Amino acid sequence: MIQSMTGYGKAVTELPNKKITVELKSLNSKQLDLSARIPGIYREKEMAIRSLLSQKLERGKVDFSIYVENTGKDAATQINQSILHSYYLQIKQISENLGIELPQDWFSTLLRMPEVMKSEMQELEEAEWKEVEKTIYCAVEKLISFRNQEGNMLKELLKQKITNIARLQKEIECYEKERIEKIKQRIIEALEKIEIFDYDKNRFEQEMIYYIEKLDVNEEKIRLDNHLTYFLETMENVSSGQGKKLGFITQEIGREINTLGSKSNHAEMQKIVVRMKDELEQIKEQVLNIL
């Protein structure tokens, strides 16, 4: 079973005076790249939150946010009336002294003055944190569920691409015997064009066998078959770090396909190799998104 690094999770909880929303977004990354937006009241729990996310999510570019909406009558931010009144008196006095017109909208002017809005530090109660922690767990589980769904889709796509490469490899076989005969005939014709040229036929056969052995692709086909099988087996394993393992196997598949192409020396075989490379490139793109 494979898991995608792309995911989304959201959970909401209602407290007596607050509505807490936890949101998680995840994209692919080589390691865990965590960005957290946490309100000041929960800042003391940031390390615990980061530890939880790193254990559960392992890898990915993760954006974590907690939003707090005050639903009660008491708000954390209040107007400092004494400072506001002091600003009001000062502005009136300056207006009289300097002959400057008074502002039309007193409130908007005064509320922008420094320290008029005061924020009261709130103590985080353990009962509230327990509810917030449950909400975080719920959002994480939803993101993991999303990742699993994406992983199942990736798995089917990758199976199809691996099957396509295996099928294309079978198509090469019908050209192998023809390729050897063509190469042999081409060399003989080239030698016959040389005037008054005599050669040892036994030695020629020995050299031809050596040359043909160098062009033989049976080993590459066997290794490619093994890599394709190992790729499918790795997708079925329930273990962490599958994305990196599949990436390494993909590199080995690419090496064998490249060797097939360099040894083919046949137009139709090279066309098949190009199609195999196209399938492999699509696999590489998708493997980057696997956890």
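3 is the number of the first residue of the sequence shown in this note's numbering; add one for each residue after it. Think of the CB as a built atom: it goes at the ideal place given N, C-alpha and C, for glycine as much as any other residue. Note that the structure is a prediction, hence the values are computed from the model and not measured.
- In terms of CA proximity to Asn-82, Leu-113 leads the group Leu-113, Glu-221, Val-276, Ala-38.
- Take Thr-252, set aside five residues on each side of it, and the residues of its chain with a beta-carbon closer than 8 Å to its own are Phe-233, Leu-282, Ile-285, Lys-286, Val-289, in chain order.
- Put simply, of Ile-68, Lys-27, Ile-255 the residue whose alpha carbon is nearest the alpha carbon of Gly-42 is Ile-68.
- In the three-state DSSP reduction, Gln-253 falls in the helix class (H, G or I).
- A Cβ-Cβ separation of about 16 Å leaves Ala-141 out of contact with Lys-20 under the 8 Å criterion.
- Residue pairing by DSSP places Ala-38 opposite Phe-66 in a beta bridge.
- By alpha-carbon distance to Phe-148, the top candidate from Leu-26, Ile-22, Lys-279, Ile-274 is Leu-26.
- Runs of the beta strand (DSSP E) spanning 3 or more residues and lying entirely within the stretch 68-119 occur at 79-81, in chain order.
- Counting other Cβ atoms within 10 Å of its Cβ, Met-3 stays below 16 and is therefore classed as exposed.
- Runs of the alpha helix (DSSP H) lying entirely within the stretch 117-201 and spanning at least 4 residues, in chain order: 128-194.
- Burial of Gln-244 is indicated by the presence of at least 16 other C-beta atoms within 10 angstroms of its C-beta.
- Taking Thr-73 as reference, the option from Arg-169, Ile-85, Thr-23, Lys-279 with the minimal CA-CA separation is Thr-23.
- In terms of CA proximity to Lys-179, Val-219 leads the group Val-219, Val-134, Lys-163.
- Within 10 angstroms of the beta-carbon of Gln-5 lie 16 or more other beta-carbons, which makes it buried.
- Leu-293 sits in coil when the DSSP states are folded into three classes, being neither helix nor strand.
- Following the DSSP letters along the chain, one finds Thr-15 inside the beta strand (DSSP E) bounded by residues 9-16.
- Where Lys-27 is concerned, there is no enclosing alpha helix (DSSP H), although the beta strand (DSSP E) around it starts and stops at 20-29.
- Take the alpha-carbon of Gln-151 and the one of Glu-60: they are about 17 Å apart.
- Among the bridge pairs identified by DSSP, Ser-6 is matched with Ile-292.
- Closest by C-alpha distance to Asn-260, out of Asp-280, Ser-242, Leu-248, is Asp-280.
- Judged by their CB atoms, Ile-138 and Leu-230 are not nearer to each other than the 8 Å cut-off.
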